[in-house]
Structure formats: C-alpha cells, structure tokens
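Novice: First, the structure itself, so that you have it in front of you.
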Amino acid sequence: MHSPLPRKTLILLLAALLFASTLGWFIYYGPCGTARVNRAVTELTALLTRWDDLNTNADGTSRGALASVLAQMNEVIAEVRALSVPMCLQAPRSALADGMATNVAAYQAFQTGQSDDQIQALFTASNTATQAALTQIQIAARIAPFFLSHFPTPSPAASTTVSP
Numbered sequence: 013m014h015s016p017l018p019r020k021t022l023i024l025l026l027a028a029l030l031f032a033s034t035l036g037w038f039i040y041y042g043p044c045g046t047a048r049v050n051r052a053v054t055e056l057t058a059l060l061t062r063w064d065d066l067n068t069n070a071d072g073t074s075r076g077a078l079a080s081v082l083a084q085m086n087e088v089i090a091e092v093r094a095l096s097v098p099m100c101l102q103a104p105r106s107a108l109a110d111g112m113a114t115n116v117a118a119y120q121a122f123q124t125g126q127s128d129d130q131i132q133a134l135f136t137a138s139n140t141a142t143q144a145a146l147t148q149i150q151i152a153a154r155i156a157p158f159f160l161s162h163f164p165t166p167s168p169a170a171s172t173t174v175s176p
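Each residue of the sequence shown is one higher than the one before, counting from 13 in the numbering used here.
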C-alpha cells in the first residue's frame, strides 16, 4: 500500500519547486534576464549595422558632402542613447554612443581641415571606446542572468586607454 508523503518531505518538495520556479523566472525575466538582454542586444546589433553602413559611406565621402551622412550618424547615436536596455547594458550602451560620437567628431575635424594627427587621434579614441563597449556588451550577454553589478563608467580620458 502507498502511504502519503510525510509532511516534512512534502514541504521540502514544495520549497524546492518554488525555488526552482523563482530561479527560472530570474534567469529569463529578471532585471538582467536573458530575454531582456537578448532583445536589447538584437536592437543594438541592428543599430550597429546601420552605423557600419553609414561609417563606410562617410569614409568614402568628400569633405563638402559629409554633412548629410554625419546627420544620419547622429540620428543613430540618438537612437542608441534612447534605447531601453537592462541595467547590465546601460554603461556599455552609453560608452558605445560616446565612441560613436567621437567618430563623428573625427569626421567633423576632417570636414573643418584639422591636422591629420588630430583626426587620427579622434578615430583611434573612437575605435578604442567602441571596441571596449562591444566587449562589455558581449560579456553581459554571456553572463546576463547572473550579472548583478554595473560596469564601471569610464571617464573620457580613461576611455582612450582601454585595450580592446
């Protein structure tokens, strides 16, 4: 004959089920859950694709014709800044937008005839900041549900020294 489970065993099983359900919810829907992070990364990737296309266009554009492309690049930067992301992606998203803005500043320096050294320094700073932000985004995407902290927000001076 089957005897009912002892009360302690039943309570333990219910507690384990509740814990597993809560953990599952946290991993998928939590503050930095995989669902939120994956959605944000997908949206950031789409913006990065547009950015790369515009950057390629700007690279082959004469000084006089850059204004239109730079306006479109600034629109992408505004969209990146406005994108709603989980807390674990907020600092990398801001760093990415800052790197993009430095890239636009490099093209504006080219447009106004600044020295090649100044222009190159801006492009280098942009590439460094952008690559660091992309690395942080990739890390956050990999460890999303267990990411319980923020990336440090780099100062503008520090962003030029971060290794990709």
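C-beta atoms are modelled at their ideal positions from N, C-alpha and C, and glycine is treated no differently. Please read all numbers here as calculations on a predicted model, not as lab measurements.
(1) Measuring straight from C-alpha to C-alpha, what distance separates K134 and T114?
(2) When we look at the beta-carbon of T61 and count the other beta-carbons within 10 Å, is it buried (16 or more) or exposed?
(3) Let me know if Q132 comes out buried or exposed under the rule of 16 or more other beta-carbons within 10 Å of its beta-carbon.
(4) If V97 and M112 are in contact, beta carbons under 8 Å, what's the gap, nearest whole angstrom?
(5) Okay, do the region 45-53 and the region 69-77 touch, 3+ Cβ pairs below 8 Å being the bar?
(6) If we count the other Cβ atoms within 10 Å of its Cβ and call it buried at 16 or more, is D110 buried or exposed?
(7) Quick one, which of L82, M99, A103, A117 has its alpha-carbon nearest S138's?
(8) Which same chain residues end up closer than 8 Å to H162 when comparing Cβ atoms and leaving out the 5 residues on each side of it in sequence?
(9) On the DSSP letters alone, give me the boundaries of the alpha helix (DSSP H) that C100 sits inside.
(10) Less than 8 Å between the C-beta atoms of G45 and A156, yes or no?
(11) Return the first residue and the last residue of the alpha helix (DSSP H) that Q150 is part of.
(12) Leaving aside the five residues before and after Q130 along the sequence, list all residues of the same chain whose C-beta is less than 6 Å from its C-beta, in chain order.
(13) Can you tell me which of the three DSSP states T73 falls into?
Specialist: The answer reads as follows:
(1) The sequence given here has Leu at residue 134, not Lys. So the alpha carbons of these two residues sit roughly 6 Å apart.
(2) exposed
(3) Exposed.
(4) Cβ atoms of V97 and M112 stay farther apart than 8 Å, at about 15 Å.
(5) The region 45-53 makes no contact with the region 69-77: fewer than 3 CB pairs, one atom from each, lie closer than 8 Å.
(6) buried
(7) A117
(8) In this prediction, H162 scores a pLDDT of 49, lower than 50, which makes its location untrustworthy; no coordinate-derived value is stated.
(9) 99-123
(10) Cβ atoms of G45 and A156: closer than 8 Å.
(11) 128-154
(12) Here the set comprises A121.
(13) coil
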